[in-house]
Every structure is written in structure tokens, then in C-alpha cells.
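Q: Everything in the sequence shown is counted per numbering that gives the first Met the number 0, starting at 0 for the first residue and increasing by one. Even glycine gets a Cβ: it sits at the ideal position worked out from N, Cα and C. From a predicted model like this one, the values you see are computed outputs, not experimental measurements. Structure in C-alpha cells, see below.
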Amino acid sequence: MFFASDNWAGVHPDISANLSRHAAGVSTAYGDGDLDRAVYRRFSEIFEREVQVFFVATGTAANALSMAALNRIGGIALCHSEAHMNVDEFGAMGFYTGGARMAPVPGPLGRMNPEALDRAIKRYSQDLAPAGQPMAVTVTQATEVGTVYSADDVKAIAEVSRRHKLPLHMDGARFANAIAATGVSPAEMTWKSGVDLISFGGTKNGCWMADAVVILNPDVGKDSRLLRQRAGQTFSKARFISAQFEAYFTDELWLRMAGHANQMAAHLAETIEDAPAGRLAWLPQANEVFAILGRATAEKLQAAGAKFYEWGVPQGFDGHLGDNEAIYRFVASFATTTQEIDRLGQLLG
């Protein structure tokens, strides 16, 4: 019963097999091999335009380097108050940018409110005042609390960003789950809705270690290659990242894995809602489920081997927590089984 994180899951067999297939022989290093170039072209096909792709080791590196590529003197990046970049990356963005800061923007259940974003941007002068100058807006898709921005939601954020001449970044660590949940094409969810670059994650969705900065707008991120090199994020044997992505995109494996994770999350949500000892904190939209449990019940589940985490109360939560209750996060992955969920349900019964 492993629901702590989709990072706990292993690797899809097709991806492992493709790594083995490319293990022998030689290939041009540093991302200039035939396989690397084929994968770059595949990214362009998926996003329906020519894009630039820069492999990195982690989603945190992708986010921080994206912000470094958009940085300005006294730079301020606007994000949701509970965004991963703001609360979970140990100041990586400030480190990689040489001092840029995050400015939190409120919004219910993980999604930035466009009107609040507009007000937040207007707090800063555009004349290099001591408070700093906005440099970018970033949204998380899917969000840290399992909700998803629709394409129209993204367009509303992008409209505010464009009005203030700010580029829009998307933290897509769980981008596949958002695409599987909405049925919207990657192009429509990103550049067609105003996104300029995306941190594209595969690690949480069945890869060994595969993340990338994908530049969708050629007018931004011009120094990304140099920034990645300086940050020590340029892989010498990049073909092994490419091998993962090659398998990841074959026959839409990435969407099938994300779809399975989302389906398992929906089953998990139904199981929790039907159990007398638990209830949903809000409806899940991707592969993360947030439940309200009594602390004694949570301890019972954990003692029986279930892995999950207590979570803070997010903005926009309109439920009620009893004196001995808390919110807990359960995450489904491509490897989650109905048997795990049914076992959890028996313990909740």
C-alpha cells in the first residue's frame, strides 16, 4: 500500500528495456547523438511546433533553470502560495538565479487566481524600484493538491501575464496526469494557451530519471544551454535520458501510464469516501487524493504498512476538521494496483 508519492514507484518495463537496448555501442556525447536528435524531434511533434529541449536531472533543476533563463535584475517570479517551487525546493530558484525571489499569489486549492495575480504584479513598479521587478509567472500543472488547470484557466493566467509583458512558465512535473485528466493536447495546454516554457517531468510517471526544460517560445530562454552547462546539468551520456523518453512517447505510453494513475486515484477516492472511517477533503482531478482521517485511523493504516503523508490545510479548503482529524495525501502511480487500494479499504472498513 504505497501511496506516499509517485516517486516511490519503479520504472515501466518498456523504459527499462529501451535503456538496455541502447546500453551497448557508442554514441555522440552531450546530447548530440542520433537518438537525442530523434527525441528532440519527437518533443516538437508532441507540442506541434519546433521546440528546444534541455535534459536535466530533476524537476527542481528544471524549474530553477527555467527561472534563471527568465531572470532580470531584482527579479521576482510570481507563483501560487503553495507551489512546489515556493515551498519545497529549498530556495533552488534563488540559488540558480543569483538572488531572484518568489512572490506568492493566492488562489483556491492550488490554482492561482488571475485577479489576485494582476494585483500582485501591480504592487511592483516597472521602473527598477527597490522592491524588485517582476520577471515571470509560473503555474503548477497538475497542482500540489491534485487539482488541474483547464486550458481556459491557463489562458486567463496568460492574459494577465501578457498584459504585464511577463513570460509564463509551467511546472509540469505531473504534466502527463493533467493531460490525461483533461484530454486536451499538450499544445493546447501550453503554447496555444500562452505558456512560453515548461518543466517537463517523466520521473514521476514511470521513468528512471527523465526531466527537461522545453522552450516553447523561441523569444525566451536564449541562454538556457549555457545556464545548464554552468549548473552542472549537461549529461555526458544524454542518450540514456533520450532512451527513456523514446520509450515514454512510443504508442502514447506516457499518457497510458498517467491515465492509469488517475484511474487508480479515482478508485482510491471512491474507496475512502465509501469507508466509515474516512472522507475526501476535496475531489481529486489527477493522481493525488486528499482524505480527512482521524489520527488514530491514520496511525492504524500506517502500522499495517500503508505509506502516505499528513498534509497542511490549503487555501480554499471549505471542509471541517475535527479536533483529532487531519488531511492526508495519497498518491497513485502507474504501478498502483486495485489490490493495494482494496486492502486499504478493508482497513478503513
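In the DSSP assignment, find the unbroken alpha helix (DSSP H) run with residue 248 in it and report its ends.
A: Taken as a continuous stretch (DSSP letters only), the alpha helix (DSSP H) holding residue 248 covers 238 to 248.
Q: On the three-pair Cβ rule with 8 Å, is the region 247 to 261 touching the region 3 to 20?
A: With a cut-off of 8 Å, the region 3 to 20 and the region 247 to 261 count as touching, because enough Cβ pairs lie within range.
Q: Return the chain-ordered ranges of every beta strand (DSSP E) run that is complete within the region 284 to 313 and spans a minimum of 3 residues.
A: Counting only runs of 3 or more, we get 287 to 293, 308 to 310.
Q: Who are the Cβ neighbours of residue 92 in its own chain at under 7 Å, not counting the five residues just before and after it?
A: Hits under 7 Å: 62, 63, 66, 76, 84, 99, 101.
Q: Within the same chain, show all residues whose beta-carbon is closer than 7 Å to that of residue 310, passing over the 5 residues directly before and after it, in chain order.
A: Same-chain partners within the cutoff: 289, 326, 327, 328.
Q: Can you give me the start and stop residues for the alpha helix (DSSP H) that residue 197 sits inside?
A: Not the alpha helix (DSSP H): residue 197 falls in the beta strand (DSSP E), residues 196 to 200.
Q: Since I believe residue 186 is in contact with residue 46 (beta carbons under 8 Å), could you give me their beta-carbon distance rounded to a whole number of angstroms?
A: Between residue 186 and residue 46 the Cβ distance is about 5 Å, and since that is below 8 Å, they are a contact.
Q: Let me know the beta strand (DSSP E) ranges lying completely inside the region 17 to 62, each 3 residues or longer, listed in chain order.
A: As far as the region 17 to 62 is concerned, its whole beta strand (DSSP E) runs of at least 3 residues are 51 to 55.
Q: DSSP state of residue 152, grouped into three classes?
A: Helix at residue 152.
Q: Over the uninterrupted alpha helix (DSSP H) stretch that includes residue 213, give me the two end residues.
A: First-last for residue 213: 210 to 214, but that is the beta strand (DSSP E), not the alpha helix (DSSP H).
Q: Throw me the rounded Cβ distance for the residue 145 and residue 283 pair, which I believe falls under 8 Å.
A: The Cβ separation is near 5 Å, so the contact holds.
Q: Does any residue of chain D bring its CB to less than 8 Å from the CB of residue 37?
A: This model lacks chain D altogether, as it is built from one protein chain only.
Q: Starting from residue 269, trace the beta strand (DSSP E) both ways and give me its first and last residue.
A: Premise fails: residue 269 lies in the alpha helix (DSSP H), 252 to 273, not in any beta strand (DSSP E).
Q: Does the region 186 to 206 come close enough to the region 26 to 40 to have 3 or more Cβ pairs within less than 8 Å?
A: Contact between the region 186 to 206 and the region 26 to 40 is absent, because fewer than three Cβ pairs lie under 8 Å.
Q: Specify, as a first and last residue, the run of the beta strand (DSSP E) that residue 76 falls within.
A: Residues 74 to 79.
Q: Do residue 142 and residue 169 have their C-beta atoms closer together than 8 Å?
A: It is not a contact, given that the beta carbons lie outside the stated cut-off.
Q: When burial is assigned at 16 or more other CB atoms within 10 Å of the CB, is residue 261 buried or exposed?
A: Counting Cβ neighbours within 10 Å, residue 261 comes out buried, since at least 16 surround it.
Q: Which residues does DSSP pair with residue 327 in a beta bridge?
A: Answer by DSSP bridge pairing, in chain order: 290, 309.
Q: Which stretch, first to last residue, makes up the beta strand (DSSP E) that contains residue 277?
A: Taken as a continuous stretch (DSSP letters only), the beta strand (DSSP E) holding residue 277 covers 277 to 279.
Q: Could you tell me which of 117, 206, 0, 147 sits nearest to residue 133, measuring between CA atoms?
A: Of 117, 206, 0, 147, the residue nearest in Cα terms is 117.
Q: Straight-line CA distance for residue 308 to residue 216?
A: Each residue's alpha carbon lies about 37 Å from the other.
Q: Using a threshold of 8 Å, state whether the C-beta atoms of residue 220 and residue 214 are closer than that.
A: Result yes, Cβ atoms of residue 220 and residue 214 sit closer than 8 Å.
Q: What are the partner residues of residue 132, as DSSP defines its beta bridges?
A: DSSP output for residue 132 lists 74 as bridge partner(s).
Q: Just confirm the distance between the C-beta atoms of residue 69 and residue 166, as a whole number of angstroms; I'd bet it's less than 8 Å.
A: That pair is a contact at about 5 Å.
Q: Looking only at its chain, what residues have a beta carbon closer than 7 Å to the beta carbon of residue 0, apart from the 5 residues adjacent to it on each side?
A: Closer than 7 Å at Cβ, skipping near neighbours: 304, 305, 306, 339, 342, 343.
Q: First and last residue of the alpha helix (DSSP H) that includes residue 343?
A: 337 to 347 is the extent of the alpha helix (DSSP H) around residue 343.
Q: Could you pull the DSSP bridge partners for residue 171 from this structure?
A: In DSSP, residue 171 forms a bridge with 199.
Q: What is the C-beta distance between residue 207 and residue 18, in whole angstroms, given that I count them as a contact (C-beta under 8 Å)?
A: Confirmed, about 7 Å.
Q: Going by C-alpha to C-alpha distance, which of 230, 243, 218, 236 sits closest to residue 201?
A: The shortest C-alpha separation from residue 201 is found at 243.
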